[in-house]
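Just so we're on the same page, our numbering is the position in the sequence shown counted from 1, plus 25. Even glycine gets a Cβ: it sits at the ideal position worked out from N, Cα and C. Quick notes on the structure that follows.
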Amino acid sequence: MADSTAGGAGFSDEEKAAMKQRAEELRSTKGLKGAAKLAKELEACMEAIDALEGIDGEVARMVHRIVSEEASDLDPKTFYGFPAYARAGKVVIFVQPKSKFDTRYPTLNFDETATLDDGSMWPTSFAIVEVTPEVERRVRDLVRAAID
26 MADSTAGGAG FSDEEKAAMK QRAEELRSTK GLKGAAKLAK ELEACMEAID ALEGIDGEVA
86 RMVHRIVSEE ASDLDPKTFY GFPAYARAGK VVIFVQPKSK FDTRYPTLNF DETATLDDGS
146 MWPTSFAIVE VTPEVERRVR DLVRAAID
């Protein structure tokens, strides 16, 4: 990650910005409950997706569409500014855009609440460099598995 603090200690500028963004997410829904909170979180998720360009936007729109179709019980929200989907307030799936930390590719990530368990070891993060029909099928399968 670029722009780290002196001597490599502490958080990078990007990490600090992400933490500030998360604090703002929490403040923006403070005091809201039920449908009002869900509406505010959906709005924030859609704004986060709309702000993404290129492959970041393609991946985020694909994931949003697939989650809406396959896991409609998950609630859209943002998580450190990333488009995310949660069950009972706990993030299950989120998209980390490459532009957020200036990385090579965006990733589709599954938090520990996702049920992707497969023996003693399994992947929870997937790099996506192109949205293709095969990628869409794999993402759809992962989303289904994550909520079972």
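| field | Nearest to P148 (by Cα), restricted to the options P158, E155, P108, A170 | value | A170
| Since I118 contacts L99 with CB under 8 angstroms, what's their CB separation in whole angstroms? | 7 angstroms
| task | With distances taken Cα to Cα, identify the nearest neighbour of L63 among F36, K102, L167. | result | K102
| said: In the DSSP assignment, the alpha helix (DSSP H) including R112 goes from what residue to what residue? | reply: It is not in any alpha helix (DSSP H) - R112 instead sits in the beta strand (DSSP E) that spans 107 to 112.
| Do you know how far the Cα of F36 is from the Cα of M87? | When rounded, the distance between both Cα atoms is 31 angstroms.
| message | I'd like the span of the beta strand (DSSP E) that includes D100, first residue to last. | response | 100 to 104
| said: For R129 and K123, what's the separation of their Cα atoms in angstroms? | reply: 6 angstroms
| said: In this structure, how does DSSP classify A139 when only helix, strand and coil are distinguished? | reply: Here A139 sits in coil by DSSP.
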